[in-house]
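Read the structure below first, then the notes.
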Amino acid sequence: MKRSHATGMLAVLLVGLVIGFLIEIAFAASGAPIVVPPITLPLTLVLLGAVVVSLAWQVHQGSRRKALRRIDPFWAMRVAVLSKATSLTGSLLFGAALGVVLYILTRSVVPAVTSLWLAVGTAIGGAVMLTAGLVAEHFCTLPPNDDTDTDETGGTRA
40 MKRSHATGML
50 AVLLVGLVIG
60 FLIEIAFAAS
70 GAPIVVPPIT
80 LPLTLVLLGA
90 VVVSLAWQVH
100 QGSRRKALRR
110 IDPFWAMRVA
120 VLSKATSLTG
130 SLLFGAALGV
140 VLYILTRSVV
150 PAVTSLWLAV
160 GTAIGGAVML
170 TAGLVAEHFC
180 TLPPNDDTDT
190 DETGGTRA
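So for the sequence shown, the working numbering puts the first residue at 40; every next one is plus one.
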């Protein structure tokens with residue numbers, strides 16, 4: 040599995056921003072109330088980020104050379120995939136929340152101030168989740184192996 044790159048995260052963020060903005064426009068055009076994220080959403084995003092980082096920290100501790108016990112490689116791979124999914128989901132939710140904030144700020148009649156702060160809180164929660172996923176991905180990488188012999192091209196000698 041390759042680690043996430045900034046271009047992919049930025050692309051997902053922009054997709055989320057466009058989707059969040061267009062959903063708000065569609066709801067307002069149809070006469071429905073705009074989407075206002077609940078207060079529990081940013082808290083849940085931060086909590087999920089903390090759980091993923093704690094799981095990845097266990098993988099990081101178990102992958103050290105002087106680890107007390109070995110970790111299950113299948114469990115470590117699941118945590119690595121979970122951390123990648125967390126970073127992608129955090130990027131998407133961060134973009135969608137920014138789309139909602141952008142919609143609220145571009146209206147001539149601004150909705151209630153609480154909806155703006157809830158959208159900003161959700162954007163912060165998405166940013167924390169994105170950061171937690173990227174940190175967890177870093178924790179799930181293996182340290183460089185100095186035991187193998189490599190040739191000048193970087194390949195492993197047989």
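Where is the CB? At the ideal position from N, CA and C, for every residue including glycine.
Inter-stretch contact at 8 Å, needing at least 3 Cβ pairs: the stretch 105 to 121 / the stretch 141 to 150:
Short answer: they don't touch.
Is Gly88 closer than 8 Å to Ala151 when the C-beta atoms are compared?
What you label residue 151 is simply residue 112 of the sequence shown in a count that begins at 1. What you label residue 88 is simply residue 49 of the sequence shown in a count that begins at 1. Their beta carbons are not under 8 Å apart, which means Ala151 does not touch Gly88 by this criterion.
Mind listing, in chain order, the continuous alpha helix (DSSP H) runs of no fewer than 4 residues lying wholly within the stretch 61 to 126?
The stretch 61 to 126 is shown to contain whole alpha helix (DSSP H) runs of 4 or more residues at 79 to 101, in chain order.
Count the other C-beta atoms from every protein chain shown that fall within 10 angstroms of the C-beta of Ala65, then say buried if there are 16 or more, exposed otherwise.
Here residue 65 corresponds to residue number 26 of the sequence shown, with the count starting at 1. Classification for Ala65: exposed.
Using a threshold of 8 Å, state whether the C-beta atoms of Ile110 and Ser102 are closer than that.
The count along the sequence shown starts at 1 and reaches residue 110 at position 71. The count along the sequence shown starts at 1 and reaches residue 102 at position 63. The answer is yes: Cβ separation under 8 Å.
Can you grab the Cα-Cα spacing for the pair Val167 / Ile62, in whole Å?
As a position in the sequence shown, residue 167 is number 128, starting the count at 1. As a position in the sequence shown, residue 62 is number 23, starting the count at 1. Rounded to whole angstroms, the separation of the alpha carbons of Ile62 and Val167 is 23 Å.
By the DSSP assignment, the alpha helix (DSSP H) with Met40 in it spans what residues?
Taking the sequence shown and counting its residues from 1, the one referred to as residue 40 is at position 1. From DSSP, Met40 is part of no alpha helix (DSSP H); its letter is neither H nor E.
Would you tell me roughly how many angstroms separate the C-alpha atoms of Leu181 and Gln97, rounded to the nearest one?
Within the sequence shown, numbered from 1, the residue matching residue 181 stands at position 142. Within the sequence shown, numbered from 1, the residue matching residue 97 stands at position 58. For the pair Leu181 and Gln97, the Cα-to-Cα distance works out to about 13 Å.
So, Ala162 versus Phe133, is the Cβ gap smaller than 8 Å?
As a working note, residue 162 is residue 123 in the sequence shown. As a working note, residue 133 is residue 94 in the sequence shown. Taking 8 Å as the Cβ cut-off, Ala162 and Phe133 qualify as a contacting pair.
Roughly how many angstroms lie between the CA atoms of Thr79 and Tyr142, to the nearest whole one?
The residue given as residue 79 occupies position 40 in the sequence shown. The residue given as residue 142 occupies position 103 in the sequence shown. One Cα belongs to Thr79, the other to Tyr142, and the distance between them is close to 21 Å.
Simplified DSSP assignment, three categories, for Thr145:
Translated into the one-based positions of the sequence shown, residue 145 becomes position 106. Reduced to three states, the DSSP call for Thr145 is coil.
Excluding the 5 residues flanking Ala129 on each side, which residues of the same chain have their C-beta closer than 6 Å to its C-beta?
Translated into positions along the sequence shown, residue 129 becomes position 90. Position check: residue 129 holds Gly in this sequence, whereas Ala was assumed. Within its own chain, the residues whose Cβ lies closer than 6 Å to the Cβ of Gly129, once the five positions on either side in sequence are excluded, are Gly165, Met168, Leu169 and Gly172, listed in chain order.
Start-to-end residues for the alpha helix (DSSP H) that takes in Thr153:
Working through the sequence shown from its first residue, we reach residue 153 at position 114. DSSP places Thr153 inside the alpha helix (DSSP H), whose first and last residues are Val152 to Phe178.
Through-space distance from Leu131 to Leu53, alpha-carbon basis
The residue you call residue 53 lines up with position 14 of the sequence shown. The residue you call residue 131 lines up with position 92 of the sequence shown. Straight through space, the alpha carbons of Leu131 and Leu53 are spaced by roughly 8 Å.
Between the Cα of Val75 and those of His177, Lys41 and Leu155, spot the shortest distance and give me the residue it belongs to.
Indexing the sequence shown from 1 puts residue 75 at position 36. Each of His177, Lys41 and Leu155 was checked against the Cα of Val75, and the nearest Cα belongs to Leu155.
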